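Visitor: Residue numbers (my numbering): 12 to 273. Glycine is no exception: its CB is placed at the ideal position from the N, C-alpha and C atoms. Remember, it's a predicted structure, so these values are computed and weren't measured experimentally.
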Ligand SMILES: Cc1cc2nc3c(=O)[nH]c(=O)nc-3n(C[C@H](O)[C@H](O)[C@H](O)COP(=O)(O)OP(=O)(O)OC[C@H]3O[C@@H](n4cnc5c(N)ncnc54)[C@H](O)[C@@H]3O)c2cc1C
């Protein structure tokens, strides 16, 4: 592990440490598959190769190598939702949609199946003295949002706004933080429409020095980021935004709109 940079290049932003990890691909075995909600599959992996797994930030990602229908290998980004070093186990939550190869793999996963998991290559760690967070996202961001909420320390205030298809998709989180959880409902077919998230966000009081983390379909993430900057006047250094997928494009994401891009 090496610390590449510590930067707060936007003077108004908090310190963010970029930490690089040794590049590794590990093979792990599925030990459990559960339907967390109708639209979210939770897969738990175990295996000796996970013994030195490291993930320091809630929005880290791993690359899963999954087979395609054509017999090729596709790589897709997923969030390490929870890692247990005692049990050598890693949890990944898959949002179910009109299946690409990763979703298809998860839908068919059974205990004993094996998968190659690459990374995380690095972590972007926001200074622990940041005490106010606004977390905005869709189903694909929910693993990172849930992890951030669960890992938050006492004295942290978190507001979350998550777009899902209905109340059956709500999740609950155990946390030492003070949490105000909001759910914005819209059908999955409207996952690239920022309307529901924006309408909910409009009703939230955005205090200065709130770190806003957001991830969703790229067009949605871009629209919310613009609204935060242009309408709410929130400083760029206090926003980290990512397009976690792009409508109509396989294996696509947008890192360009991340304020803290390395
Ligand atoms: C850093 C990072 C972390 C991520 N973490 C998670 C995570 O923990 N859990 C998670 O579920 N996803 C996560 N994602 C999103 C995930 O990588 C994408 O949804 C990915 O495209 C899924 O791969 P696939 O093989 O199922 O579909 P692909 O083959 O990539 O895409 C097939 C089709 O499905 C569409 N599509 C992709 N995702 C969705 C969706 N969510 N809803 C509707 N249509 C979609 C595409 O536009 C494309 O048309 C993350 C993405 C990034 C960049």
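1. Pull up the CB-CB distance for residue 75 and residue 128, whole angstroms please, since I reckon it's below 8 Å.
2. Within 8 Å: the Cβ of residue 151 and any heavy atom of ligand 1?
3. Given a cut-off of 9 Å on the beta-carbon distance, is the pair residue 227 and residue 152 in contact?
4. For the region 57-76 against the region 131-140, do three or more pairs of beta-carbon atoms, one drawn from each stretch, fall closer than 8 Å, so that the two count as touching?
5. How many Å lie between residue 274 and residue 166 at the Cα?
6. Measuring only from the beta carbon, is residue 105 closer than 8 Å to any heavy atom that is part of ligand 1?
7. Keeping to the same chain, check which residues put their C-beta closer than 8 Å to that of residue 97; ignore five residues upstream and five downstream.
8. Are the region 50-62 and the region 22-42 touching by the rule of at least three beta carbon pairs closer than 8 Å?
9. Tell me which same chain residues have a C-beta within less than 8 Å of the C-beta of residue 72, skipping the five on either side of it?
10. Would the C-beta of residue 259 count as close to ligand 1, meaning under 8 Å from any of its heavy atoms?
11. Let's test the definition: count the other Cβ atoms within 10 Å of the Cβ of residue 69 and tell me whether it reaches 16, buried, or not, exposed.
12. Residue 162: which of 186, 112 and 178 sits nearest, CA to CA?
13. For the candidate residues 214, 100, 182 and 171, whose alpha-carbon lies nearest to that of residue 106?
14. Helix, strand or coil for residue 85, going by three-state DSSP, please let me know.
15. Taking just the CA atoms, how far does residue 177 sit from residue 191?
16. Which same chain residues end up closer than 7 Å to residue 261 when comparing Cβ atoms and leaving out the 5 residues on each side of it in sequence?
17. Would you kindly report the start and end of the unbroken alpha helix (DSSP H) that includes residue 208?
18. Hey, how far is the Cα of residue 220 from the Cα of residue 124?
Guide: According to the data block:
1. Contact flag correct, Cβ pair sits at about 6 Å.
2. Yes, Cβ of residue 151 sits closer than 8 Å to a heavy atom of ligand 1.
3. Contact flag set, yes.
4. Taking 8 Å as the limit for Cβ pairs, the verdict is that the region 131-140 does touch the region 57-76.
5. Beyond the ends of the chain as shown, which are 12 and 273, falls residue 274; an answer cannot be given.
6. Yes, the beta carbon of residue 105 sits closer than 8 Å to at least one heavy atom of ligand 1.
7. Nothing listed; no residue qualifies.
8. The answer is yes - the region 22-42 touches the region 50-62, with three or more Cβ pairs under 8 Å.
9. 88, 89, 90, 91, 130 and 131, listed in sequence order.
10. At least one heavy atom of ligand 1 sits closer than 8 Å to the Cβ of residue 259.
11. Result: buried.
12. Ranking the options by Cα distance to residue 162, first place goes to 186.
13. Measuring from the Cα of residue 106, the nearest candidate turns out to be 182.
14. Correct three-state label for residue 85: strand.
15. Distance from the CA of residue 191 to the CA of residue 177, rounded to the nearest whole angstrom, comes to 18 Å.
16. 111, listed in sequence order.
17. Run containing residue 208: 206-213, per the alpha helix (DSSP H) assignment.
18. Roughly 45 Å separates the two Cα atoms.
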